[in-house]
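First residue of the sequence shown: 22, per our numbering; consecutive thereafter.
Beta carbons: idealized from backbone N, C-alpha and C, even for Gly.
Here's the structure we're looking at; comments come further down.
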Amino acid sequence: MTPAHRWFRLTLLVVLTLSAAARSEPVRAPGEEAAALAFTATSRVGFDDPDHPELSGRVSLQESALSAPLAHAEIEELTLAAGAVAGWTRLEFRGHPDLDTEDLYGLAALLMAARPAESGWGWSTLAMPGFYSDFRSGRTGEGKLFLYGTADYAFSPAWRAQLGLAFDTAFGNPAVYPVGGAVWQATDTLAVRLLLPSPSVYWAPSDRWGLFAFARPAGDRWIVDDDQSGEQEFLIEAWRAGLGAECRLWQAAWLRLAAGLEFDRRYEARDGGRTLLDDRVDDAAFLSAALVFY
């Protein structure tokens with residue numbers, strides 16, 4: 022089996038902030054950019070099969086993505102937006118007899134509707150249908166769908182609460198799970214977003230620099246149908262936590278760097294019903310760089 026693609030997924034911060042232009046939040050945050058070109062890589066770490074040492078090995082991951090807005094409109098109190106995301110992912114296995122390196126590519130559309138509010142009730146919904154494939158002869162990729170919806174209440178300019186549901190593969194298998202929490206605009210330069218499952222803290226010491234801390238789920242699942250071997254599945258369960266900084270390059274263009282740890286990792290790989298890998302994988306360091314436009 023060749024392992025399948027790690028789909029580039031917008032975090033919940035991105036979903037929450039597609040309507041940021043209609044809200045008066047002065048502090049930036051990762052996920053609130055209008056467009057981005059990003060690259061992430063993890064260190065190569067090992068996985069062990071004590072019962073079958075020949076099935077042990079090492080794995081690393083690289084991913085890049087381009088996200089861009091396509092349309093934006095405001096109709097009275099309603100905000101509508103559309104965008105696109107293109108991604109490339111490489112999973113590199115070493116030492117396992119049945120797992121090798123795979124490059125896959127994905128494309129998704131973003132459709133959002135929201136009613137942001139400076140006070141009282143507001144809401145937001147997002148759908149992200151997409152498709153990925155390795156575009157190799159005899160192999161067919163899989164469609165994906167991400168759904169998200171929240172209701173939020175602004176108690177004051179400094180405090181906002183949110184509650185909703187999401188459907189995606191952030192925790193591995195497709196699942197519906199609750200999302201939400203609280204946003205505290207502590208000052209004009211400090212924002213604390215206690216929004217599960219992706220909390221973050223952002224501090225802007227000047228209009229040129231930003232510092233942030235974050236955590237988020239980093240799981241996913243992909244299925245590719247092969248004409249010869251049948252359905253091939255790859256699943257990841259993991260979390261990422263890290264620190265980062267960004268610097269304004271010119272007007273709306275910023276350079277962002279982040280690093281941290283990917284932990285609590287579990288990988289599964291199956292080929293035509295045959296399990297090739299189902300094991301915990303060592304924690305791995307990750308490093309990301311991005312050119313973003315606010």
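Assigned exposure category for residue i - 16 Cβ within 10 Å defines buried
i	result
residue 156	exposed
residue 4	Nothing can be reported for residue 4: it is not among the residues displayed for the chain, which extend from 22 to 315.
residue 169	buried
residue 248	exposed
residue 117	buried
residue 212	buried
residue 307	buried
residue 264	exposed
residue 45	Only weak support exists for where residue 45 lies, its pLDDT of 42 falling under 50; the coordinates are left without a value.
residue 257	buried
residue 206	buried
residue 167	buried
residue 313	buried
residue 233	buried
residue 241	buried
Per-residue DSSP class, three states only, for residue i
i	result
residue 76	helix
residue 55	coil
residue 238	strand
residue 192	coil
residue 227	coil
residue 63	strand
residue 118	coil
residue 288	strand
residue 219	coil
residue 44	Any answer about residue 44 is weak, because its pLDDT of 42 lies below 50 and its placement is not dependable; what the coordinates show is given next. Coil, per DSSP.
residue 179	coil
residue 326	A question about residue 326 goes unanswered here, because the residues of the chain that appear run from 22 up to 315.
residue 294	coil
residue 315	coil
residue 246	strand
residue 300	strand
Opening and closing residue of the beta strand (DSSP E) in which residue i lies
i	result
residue 111	99-115
residue 145	141-154
residue 169	163-175
residue 157	Looking at the DSSP string, residue 157 is not in any beta strand (DSSP E), and its letter there is neither H nor E.
residue 210	From DSSP, residue 210 is part of no beta strand (DSSP E); its letter is neither H nor E.
residue 262	251-271
residue 138	From DSSP, residue 138 is part of no beta strand (DSSP E); its letter is neither H nor E.
Residues near residue i by beta carbon distance below 8 Å, same chain, minus five either side
i	result
residue 90	55, 56, 102, 103, 104
residue 179	205, 206, 207
residue 78	67, 68, 114, 115, 116, 117, 120
beta-carbon residue i near the ligand PLP non-hydrogen atom, thresh 7 Å
i	result
residue 213	Absent from the structure shown: the ligand PLP. Ligands present: none.
Beta-carbon proximity list for residue i, same chain, < 6 Å, skipping 5 on both sides
i	result
residue 286	259, 302
residue 59	86, 311
residue 235	221
Neighbourhood of residue i by C-beta distance below 7 Å, restricted to the same chain and skipping five residues each side
i	result
residue 64	81, 305, 306
With contact counted as at least three CB pairs below 8 Å, one residue from each stretch, are the region 245-261 and the region 285-300 in contact?
Yes: the two stretches touch, three or more of their Cβ pairs being nearer than 8 Å.
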